[in-house]
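Asker: This is the structure, below, for whatever I ask next.
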Amino acid sequence: MRPAHAPATAARGGLALYELYRAASRAAAPAVLLWRRLRGLEHPSRWPERLGRPSAARPRPGSPLVWFHAVSLGEGMAALPVVRHCVRLHPGLPILLTTTTLSAFEVIKDLLPDAVIYQFAPLDCPDAIESFIGYWNPSLILLMESELWPNLIMSAAEKGIAVVLLNARMSLKSFNRWSVRLGLPLVSLMLSKLSLVIPLSTIQAVRFQLLHTPPHKIHFAGDLKYAVGDVETGEKELNTIKDLQQQFNDRPIWMAASIHKGEEEVILRVHHELIKMHPSLLLILVPRHPRDSKDVSLTLKKQKFNFVLRSTKEVVSSNTRVYVVDTLGELRMLYKVTQIAVVGGSFLPSLAGHNFSEAAAAGCAVLTGPHVGHFYHMLVELWQINPLAVKQLTGEVELLEALKEMLGDSKALEARQKAAKDSYSIMSDGVVNRVWNLVSMFAVDSQQKRGIVD
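This is the structure we're talking about:
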């Protein structure tokens with residue numbers, strides 16, 4: 015049995031570690047920002063936002079404001095349905111969304127409702143956080159997935175601002191790092207300051223409990239990444255879909271999405287074999303990072319594939335064998351022009367998968383490789399509804415065989431498409447409502463969180 019003074023001792027240890035982190039983060043911030051700017055990781059004109067210097071006016075100073083924070087594109091897309099839900103429920107409530115990466119900015123800024131303010135997130139150093147929170151004065155902070163930043167959380171707690179972790183997850187690597195003697199007091203202190211933790215799986219809930227998250231603060235609602243596919247299709251997107259369908263001219267198509275460096279070799283070898291049986295077959299190849307498109311293009315030239323880059327707006331002809339998508343933010347739209355989607359980031363041991371629910375939502379037959387990381391829980395949940403919802407492959411040989419079957423058997427293909435779409439619908443149903451109901455119940459206090467909830 016632990017001594018009665020153990021919690022107090024742990025709290026003091028956490029505070030001592032926090033003070034060390036606070037001092038170190040303040041000292042390191044200028045160098046970190048300079049390094050990121052030199053590497054082109056910061057917006058050329060909006061980087062001052064990273065220091066907590068706003069580039070937009072705060073609506074109605076003194077009124078309630080909800081701050082959503084996501085680091086990158088995937089987390090930002092998962093936050094978007096909740097943002098839209100909040101706008102619908104509370105019209106006129108100021109809402110702020112921050113992200114960190116440029117890719118998230120380029121895509122999400124065009125998907126936000128008009129009333130939502132976009133800013134780059136402040137660095138987690140005391141001066142930037144204090145400046146940011148002091149200016150925006152949020153009533154509620156909603157962090158996505160694994161955004162556990164000590165200065166942000168501790169500053170919010172000191173000011174009485176409720177902080178919620180949505181779609182909470184922690185990789186095994188991060189869990190092991192936080193579990194050590196020097197890390198546990200600090201993470202325990204941070205987690206004790208949260209009003210609510212909504213984990214995306216049972217495994218994640220266990221990890222947060224082992225890091226001393228108070229059990230009464232952990233509640234399930236479902237994985238918000240299931241709701242990403244529910245984002246409405248705009249008129250511009252619909253026109254693009256029609257245009258591509260005309261260019262593709264009813265050819266057989268398969269898509270390889272979110273392909274990381276090295277995976278394109280697997281994809282192209284498979285495509286080369288498939289063309290022998292289906293001469294008009296078109297591959298839509300979507301590199302995970304557009305910057306990799308240059309290397310992909312060189313590989314295609316060496317292998318004498320006739321290809322078109324999406325950024326050039328060149329029309330796809332009957333001779334085009336590969337359509338390389340070197341643009342950002344179009345993956346969800348592209349799933350709607352193909353019947354088969356292979357989700358990458360999963361064919362090399364160093365990778366950890368990507369969200370395949372968007373492909374399922376679009377009604378694609380969904381395939382993925384063996385390395386899916388924390389998306390394994392999503393895989394299992396979809397399998398529980400219908401084993402045909404997603405096909406997980408051991409590697410290149412199985413990928414080729416699976417594609418041969420789907421391209422050669424329309425009934426098998428249709429069965430997988432229906433299974434994916436139906437399973438997605440079941441899993442996504444009501445997840446946003448459940449999340450917001452929990453936020454309202456646990457994060458909104460007796461003062462109704464300064465007017466957030468009627």
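Reminder that position 83 of the sequence shown reads as 97 in the working numbering, one-by-one numbering, no gaps. Every residue, glycine too, gets a C-beta built ideally from N, C-alpha and C. The model shown is predicted, which means the values in this text are computed figures rather than measured ones.
What are the start and end residues of each continuous alpha helix (DSSP H) run of 4 or more residues lying completely inside the segment 371 to 458, in chain order?
Answerer: Runs of the alpha helix (DSSP H) inside the segment 371 to 458: 371 to 375, 390 to 399, 410 to 422, 424 to 442 and 445 to 457.
Asker: Helix, strand or coil for Gln259? Go by DSSP, reduced to three states.
Answerer: Taking the first residue of the sequence shown as 1, we reach residue 259 at position 245. Helix.
Asker: For Val242, which of helix, strand or coil comes out of DSSP?
Answerer: Along the sequence shown, one-based indexing puts residue 242 at 228. Helix.
Asker: In this structure, how does DSSP classify Arg16 when only helix, strand and coil are distinguished?
Answerer: Here residue 16 refers to the residue found at position 2 when the sequence shown is read from its first residue. Since pLDDT at Arg16 reaches only 46, below the 50 mark, its modelled position is unreliable, and the value read off the structure follows with that caveat. Three-state result, Arg16: coil.
Asker: Tell me whether Phe361 sits in a helix, a strand or coil according to DSSP, three-state version.
Answerer: For the purposes of this step, residue 361 is identified with residue 347 of the sequence shown, where counting begins at 1. Note: Phe361 maps to coil in three-state DSSP.
Asker: Any idea what DSSP makes of Leu125, helix, strand or coil?
Answerer: Against the sequence shown, residue 125 aligns to sequence position 111. The answer is coil: DSSP assigns Leu125 none of H, G, I, E or B.
Asker: Taking three-plus beta-carbon pairs below 8 Å as touching, is the segment 182 to 192 in contact with the segment 414 to 426?
Answerer: Verdict: no, contact absent.
Asker: Using C-beta distances below 6 Å, list every residue in its chain close to Pro68, excluding the 5 sequence neighbours before and after it, in chain order.
Answerer: Indexing the sequence shown from 1 puts residue 68 at position 54. Counting only Cβ-Cβ distances below 6 Å, and skipping sequence neighbours, we find Tyr149.
Asker: According to the Cβ coordinates, are Gly359 and His274 closer than 7 Å?
Answerer: Stepping through the sequence shown from its first residue, residue 359 is reached at position 345. Stepping through the sequence shown from its first residue, residue 274 is reached at position 260. Yes, the Cβ-Cβ distance between Gly359 and His274 is below 7 Å.
Asker: Do the segment 381 to 392 and the segment 256 to 266 touch if we need at least three Cβ pairs shorter than 8 Å?
Answerer: As far as the Cβ criterion goes, the segment 381 to 392 does not touch the segment 256 to 266, which means the pair count is below three.
Asker: Report buried or exposed for Glu161, applying the criterion of at least 16 other Cβ atoms within 10 angstroms of its Cβ.
Answerer: Stepping through the sequence shown from its first residue, residue 161 is reached at position 147. Burial call: buried.
Asker: By how many angstroms is the C-alpha of Asn333 removed from the C-alpha of Lys207?
Answerer: On the sequence shown, residue 207 is found 193 positions in, with the first residue counted as 1. On the sequence shown, residue 333 is found 319 positions in, with the first residue counted as 1. Between Lys207 and Asn333, the C-alpha separation is close to 60 Å.
Asker: Under 8 Å Cβ to Cβ from Lys405, same chain only, skipping five residues before and after it: list those, please.
Answerer: Counting from 1 along the sequence shown, the entry for residue 405 is found at position 391. These residues qualify, in order along the chain: Ala379, Val380, Leu381, Thr382, Ala416 and Arg430.
Asker: To test your reading of the DSSP string, which unbroken beta strand (DSSP E) runs of 3 or more residues are found completely within the segment 68 to 135?
Answerer: The segment 68 to 135 contains these whole beta strand (DSSP E) runs: 80 to 83, 109 to 113 and 130 to 134.
Asker: CB Leu166 to CB Asp138, shorter than 7 Å?
Answerer: Within the sequence shown, the letter at position 152 stands for residue 166. Within the sequence shown, the letter at position 124 stands for residue 138. Contact: yes.
Asker: Alpha helix (DSSP H) containing Val351: first to last residue?
Answerer: Taking the sequence shown and counting its residues from 1, the one referred to as residue 351 is at position 337. Premise fails: Val351 is in no alpha helix (DSSP H) and is neither H nor E.
Asker: Just checking, does the segment 35 to 51 make contact with the segment 112 to 121 on the three C-beta pairs under 8 Å criterion?
Answerer: Judged by Cβ distances under 8 Å, the segment 35 to 51 makes no contact with the segment 112 to 121, as fewer than three pairs qualify.
Asker: Would you call the CB atoms of Ser424 and Lys239 closer than 7 Å?
Answerer: For the purposes of this step, residue 424 is taken as the residue at position 410 of the sequence shown. For the purposes of this step, residue 239 is taken as the residue at position 225 of the sequence shown. No, Cβ-Cβ distance for Ser424 and Lys239 is not below 7 Å.
Asker: What's the call for Val329, buried or exposed, on a 16-neighbour Cβ count within 10 Å?
Answerer: Here residue 329 refers to the residue found at position 315 of the sequence shown. Under this definition Val329 is an exposed residue.
Asker: DSSP puts Trp268 in a beta bridge; with which residues?
Answerer: Here residue 268 corresponds to residue number 254 of the sequence shown, with the count starting at 1. Leu297.
Asker: Can you tell me the Cα-Cα spacing of Pro136 and Glu144, whole angstroms?
Answerer: As a working note, residue 136 is residue 122 in the sequence shown. As a working note, residue 144 is residue 130 in the sequence shown. Whole-angstrom Cα-Cα distance: 9 Å.
Asker: Please report how far the alpha carbon of Phe408 lies from the alpha carbon of Phe361, in whole angstroms.
Answerer: Numbered from 1 along the sequence shown, position 394 holds the residue referred to as residue 408. Numbered from 1 along the sequence shown, position 347 holds the residue referred to as residue 361. In the sequence as presented, Phe is not what sits at residue 408; that position holds Thr. Going from the Cα of Thr408 to the Cα of Phe361 covers about 8 Å.
Asker: Quick one: is Arg195 buried, meaning 16 or more other Cβ sit within 10 Å of its Cβ, or exposed?
Answerer: The residue labelled residue 195 in the question sits at position 181 within the sequence shown. Looking at its Cβ environment, which holds fewer than 16 other Cβ atoms inside 10 Å, Arg195 is exposed.
Asker: Grab me the residues of Gly377's own chain with a C-beta within less than 6 Å of its C-beta, minus the 5 sequence neighbours each way, in chain order.
Answerer: Reading the sequence shown from its first residue, position 363 is the one you call residue 377. Excluding residues within five positions, the ones whose Cβ falls inside 6 Å are Gln431 and Lys435.
Asker: With DSSP as the reference, identify every bridge partner of Ala366, one or two as the case may be.
Answerer: As a first step, residue 366 must be located in the sequence shown, where it is residue number 352. Bridge partners of Ala366: none, in fact.
Asker: Ser331: buried (16+ other C-beta within 10 angstroms of its C-beta) or exposed?
Answerer: Counted from its first residue, the sequence shown places residue 331 at position 317. Exposed, because fewer than 16 other Cβ atoms sit within 10 Å of the Cβ of Ser331.
Asker: When burial is assigned at 16 or more other CB atoms within 10 Å of the CB, is Gly422 buried or exposed?
Answerer: As a position in the sequence shown, residue 422 is number 408, starting the count at 1. Looking at its Cβ environment, which holds fewer than 16 other Cβ atoms inside 10 Å, Gly422 is exposed.
Asker: So Leu314 is in the alpha helix (DSSP H); what residue range does that whole segment cover?
Answerer: Indexing the sequence shown from 1 puts residue 314 at position 300. That run of the alpha helix (DSSP H) goes Ser307 to Lys316.
Asker: Assuming Ser437 and Ala374 make a contact with CB atoms under 8 Å, what is their CB distance in whole Å?
Answerer: By 1-based counting over the sequence shown, the position of residue 437 is 423. By 1-based counting over the sequence shown, the position of residue 374 is 360. The Cβ separation is near 6 Å, so the contact holds.
Asker: Quick test of the definition: if touching needs 3 or more C-beta pairs under 8 Å, does the segment 52 to 59 touch the segment 73 to 91?
Answerer: No contact exists between the segment 52 to 59 and the segment 73 to 91.
Asker: Under three-state DSSP, which class holds Asn253?
Answerer: As a position in the sequence shown, residue 253 is number 239, starting the count at 1. In the structure shown, Asn253 sits in a helix (DSSP, three-state: H, G or I).
Asker: Beta-carbon separation of Thr341 and Arg324 under 7 Å?
Answerer: Walking along the sequence shown from the start, residue 341 turns up at place 327. Walking along the sequence shown from the start, residue 324 turns up at place 310. Taking 7 Å as the Cβ cut-off, Thr341 and Arg324 qualify as a contacting pair.
Asker: Let me confirm a value: Met269 is counted as buried when at least 16 other C-beta atoms fall within 10 Å, else exposed. Which label applies?
Answerer: Here residue 269 refers to the residue found at position 255 when the sequence shown is read from its first residue. By the 10 Å Cβ count, Met269 comes out buried.
Asker: My output table needs one value for Gly465: the three-state DSSP class, helix, strand or coil.
Answerer: Here residue 465 is taken as the residue at index 451 of the sequence shown, counted from 1. Note that Gly465 scores 48 on pLDDT, short of 50, meaning its location in the model is unreliable; the coordinates nonetheless yield the value given after this. Helix.
Asker: Would you report the Cα separation of Leu94 and His104, rounded to the nearest angstrom?
Answerer: Within the sequence shown, numbered from 1, the residue matching residue 94 stands at position 80. Within the sequence shown, numbered from 1, the residue matching residue 104 stands at position 90. Cα to Cα, Leu94 sits roughly 15 Å from His104.
Asker: Mapping DSSP to helix, strand and coil, what is Ser460?
Answerer: Residue numbering aside, residue 460 sits at position 446 when the sequence shown is read from its first letter. Here the model assigns Ser460 a pLDDT of 35, short of 50, so the residue's position is not dependable, and the following value carries that caveat. Coil.
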